[in-house]
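Visitor: Below are the structure tokens for one structure; questions will follow.
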Amino acid sequence: MRCFGRSRSVTRYHSTFSRCQYRWRDWAADPQGITGDELLAFINNDEAVRANGKKSAGLFAYLRGLSSSNGDNRRDVIATVFKGVDNRMKSGYLLRDIINKVGSIHFTSSDELHTLGALYESMLREMRDAAGDSGEFYTPRAVVRFMVEVTDPQLGETVLDPASGTGGFLVEAFNYLDKQVKTVADRKRLQNETITGCEPKSLPYLLCQMNLLLHGLDAPQIDPDNALRFKLSEIGEKDRVDIILTNPPFGGEEERGIQGNFPEDRQTSETALLFLQLIMRKLKRQRTAADRPARAAVVVPDGTLFNVGVAARIKEQLLKEFNLHTVVRLPFGVFEPYTPIRSNILFFDLSGSTESTWYYEVAIPDGRKKYTKTKPLRLEDLKGAFEWWNEREEGEWAWRVSVRDMAAAGYNIDFPNPNRQEDAPPDDPSVVMRMIEENQKVIHESMATLSKILESLR
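In my numbering, the protein residues as written are 2 to 459.
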């Protein structure tokens with residue numbers, strides 16, 4: 002709410018709070034304003050008694066009850082955001098201190114807009130040991146910007162991130178497209194028909210909505226449910242988009258009900274492989290408004306490249322139905338401290354089937370073995386990749402592999418750089434353990450598939 006009150010790009014949301022007592026400036030802005038039990042009651046209770054003796058709905062109850070009756074879905078956006086929010090502060094006095102601190106933040110500063118992502122990043126870091134099977138982590142801004150710029154979205158094309166997190170890809174895509182706006186019609190199209198996402202977890206969903214609002218998207222179209230919940234065969238052309246930019250959870254596991262939405266021979270608990278199938282299905286089959294093929298840029302772990310069984314069948318489909326034109330191999334440590342696993346960016350489109358694939362290895366700066374939390378990947382570290390993208394030649398960091406070689410390898414597309422002696426991975430036991438776990442998962446899935454085949458032969 003503080004963000005809504007300060008950002009000039011969301012001033013139209015002021016009219017949504019038609020009752021003045023619910024606006025930030027009317028209940029929170031005064032450092033000497035309501036505090037203690039009165040503050041807790043105003044925020045938490047379904048009905049609260051104000052200092053003037055009047056009764057009215059509590060803050061969260063009011064926000065959750067907002068709904069649109071005139072086609073203005075800004076009220077619906079706010080209601081959806083606050084449906085997943087609870088106040089866990091037990092002291093109204095400490096809560097007042099926090100409110101006063103938040104009141105001092107200048108959300109109109111471009112630097113402080115990134116406070117949202119940084120806040121969530123710190124939360125992920127603190128919670129990663131108890132993260133369970135979510136496989137969720139923060140994508141470095143350098144990776145996000147690289148993926149958006151080389152994918153080159155054009156006004157009139159639709160953009161989706163089916164695993165939005167805090168909205169990094171969508172914000173970057175929105176900013177990229179915003180520079181192309183020239184007319185009122187362009188602005189309307191960008192605002193209403195371009196950016197979509199999915200995020201089922203309440204905290205990142207809230208931060209995603211706020212992040213997009215603060216950057217100028219009036220009514221973000223973010224689905225608050227699991228993007229994998231639909232049966233794959235039922236996704237048709239009306240559900241498809243022109244561009245998908247995403248870093249889906251990897252290492253996470255999906256329940257059997259979700260797995261059942263996928264073809265029987267491609268069912269897996271590995272979240273990254275399920276998302277890869279969804280992405281292939283969600284790309285439009287016709288050329289886009291910019292007369293380009295629909296396209297995707299997707300971050301995947303190393304295991305997706307070399308795993309067999311279900312993974313190999315999915316990659317076979319990818320190579321036969323799409324043009325996997327580029328694989329960018331990221332160095333170790335890019336996603337530290339969330340995961341030590343090395344990752345890659347797959348770039349593919351619907352320009353035809355794959356004949357050959359370019360590989361580009363992002364070099365680690367001299368004197369370093371990997372990136373770390375304190376020394377992360379920077380945009381300038383991707384300068385070589387940017388320069389190579391439009392003038393491709395084989396060299397020290399780039400090579401090409403034919404689809405014939407990929408098929409001969411059983412659709413293992415984990416081809417090392419032939420132009421350099423591969424550096425040994427860091428002596429990190431967690432990397433070794435993760436690779437063992439991935440291999441065990443593949444064995445288990447292969448055994449399950451074999452059991453089904455044997456059962457059908459009886």
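Positions of the beta carbon are idealized from the N, C-alpha and C atoms, including for glycine. The structure displayed is predicted, hence computed values, not measured ones.
Apart from the five residues on each side of it in sequence, which residues of its chain come closer than 7 Å, Cβ to Cβ, to ALA30?
Guide: Within the same chain, ALA30 has close Cβ partners GLY104.
Visitor: Can you name the residues that DSSP bridges to GLU362?
Guide: ARG330
Visitor: What are the boundary residues of the beta strand (DSSP E) that LEU41 is part of?
Guide: From DSSP, LEU41 is part of no beta strand (DSSP E) but of the alpha helix (DSSP H) over 37-45.
Visitor: Of the choices GLY37, VAL145 and ARG146, whose alpha-carbon is the least far from that of LEU95?
Guide: Among GLY37, VAL145 and ARG146, the Cα nearest to that of LEU95 belongs to GLY37.
Visitor: Are there any heavy atoms of the ligand ADP lying less than 8 Å away from the beta-carbon of GLY34, as far as the coordinates show?
Guide: No copy of the ligand ADP appears in this structure; indeed no ligand is present at all.
Visitor: Can you have a look at VAL303 and say buried or exposed, based on whether 16 or more other CB atoms are within 10 angstroms of its CB?
Guide: Note that residue 303 is Asp in the sequence shown here, rather than Val. It counts as buried.
Visitor: With contact counted as at least three CB pairs below 8 Å, one residue from each stretch, are the stretch 204-220 and the stretch 180-188 in contact?
Guide: no
Visitor: In angstroms, rounded to a whole number, what distance separates the CA positions of ASP243 and GLN155?
Guide: 10 Å
Visitor: If you reduce the DSSP assignment to three classes, tell me which class GLY198 lands in.
Guide: strand
Visitor: For the alpha helix (DSSP H) that THR272 lies in, which residues bound it at each end?
Guide: Note, THR272: alpha helix (DSSP H), 272-283.
Visitor: Just to confirm my understanding: we take GLY411, look at its own chain, exclude 5 residues before and 5 after, and list those with CB closer than 7 Å. What are they?
Guide: Excluding positions up to five away in sequence, the list reads VAL309 and ALA313.
Visitor: Give every residue of the same chain whose Cβ lies closer than 7 Å to the Cβ of LEU64, excluding the five residues on either side of it in the sequence, and list them in chain order.
Guide: ILE79, ALA80 and PHE83
Visitor: At the level of alpha carbons, what is the spacing between ASP406 and ASP219?
Guide: Cα to Cα, the separation comes out at about 48 Å.
Visitor: Could you compute how far the alpha carbon of ASN248 sits from the alpha carbon of ALA49?
Guide: So the two alpha carbons sit approximately 43 Å from each other.
Visitor: Please tell me whether SER354 and LYS321 are closer than 9 Å, where the distance is taken between their beta carbons.
Guide: Yes, Cβ-Cβ distance for SER354 and LYS321 is below 9 Å.
Visitor: According to the Cβ coordinates, are PHE276 and PRO250 closer than 9 Å?
Guide: yes
Visitor: So what does DSSP say about ASP224, is it helix, strand or coil?
Guide: Here ASP224 sits in strand by DSSP.
Visitor: Near VAL328, what residues of its chain come up, given a Cβ to Cβ distance below 8 Å and the 5 sequence neighbours on each side ignored?
Guide: LEU306, ASN345, ILE346, LEU347, PHE348, THR358, TRP359, TYR360, TYR361 and ILE414
Visitor: Just confirm the distance between the C-beta atoms of LYS283 and GLU238, as a whole number of angstroms; I'd bet it's less than 8 Å.
Guide: Not a contact, Cβ separation roughly 10 Å.
Visitor: Buried or exposed: which applies to ASN420, given that a residue is buried once 16 or more other Cβ atoms fall within 10 Å of its Cβ?
Guide: exposed
Visitor: Quick one: residues in its chain with C-beta nearer than 8 Å to the C-beta of ALA58, no 5 flanking neighbours on either side, listed in chain order?
Guide: ASP47, GLU48, ALA49 and GLY66
Visitor: Tell me the DSSP secondary structure of SER357 in three-state form.
Guide: strand
Visitor: For GLY93, which of LEU178, ASN45 and GLY258 has the nearest alpha-carbon?
Guide: Checked all of LEU178, ASN45 and GLY258; the closest Cα to GLY93 is ASN45.
Visitor: Consult DSSP for SER165 and reduce its assignment to one of helix, strand or coil.
Guide: coil
Visitor: With DSSP run on the structure shown, which of helix, strand or coil describes PRO419?
Guide: coil
Visitor: Can you find at least 3 beta carbon pairs, one from the stretch 366-379 and one from the stretch 329-344, that sit closer than 8 Å?
Guide: yes
Visitor: Which first and last residues belong to the beta strand (DSSP E) in which ASP350 is found?
Guide: Going by DSSP, ASP350 is part of the beta strand (DSSP E) stretching over 344-350.
Visitor: Give me whichever residues DSSP pairs with LEU204 in a beta bridge.
Guide: According to DSSP, LEU204 bridges with nothing at all.
Visitor: Please determine, among LEU378, GLN33, THR140 and PHE43, the residue with the shortest C-alpha to C-alpha distance to ALA339.
Guide: In the sequence as presented, Ala is not what sits at residue 339; that position holds Tyr. Considering only alpha carbons, the answer is THR140.
Visitor: When DSSP labels each residue in this structure, what does VAL160 get in the three-state scheme?
Guide: strand
Visitor: Rounded to the nearest angstrom, what separates PRO205 and THR167 at their Cα positions?
Guide: 5 Å
Visitor: May I have the straight-line CA-CA distance separating GLY261 from ASP367, to the nearest angstrom?
Guide: 47 Å
Visitor: Using CA coordinates, which residue listed in GLY198, GLY157 and LYS384 is at the minimum distance from VAL182?
Guide: GLY157
Visitor: Residues in its own chain within less than 6 Å of ARG330 by CB, not counting five upstream and five downstream?
Guide: Excluding residues within five positions, the ones whose Cβ falls inside 6 Å are ASN345 and GLU362.
Visitor: Counting along the chain, where does the beta strand (DSSP E) carrying ARG401 start and finish?
Guide: 399-403
Visitor: From what residue to what residue does the beta strand (DSSP E) around LEU246 run?
Guide: 244-247
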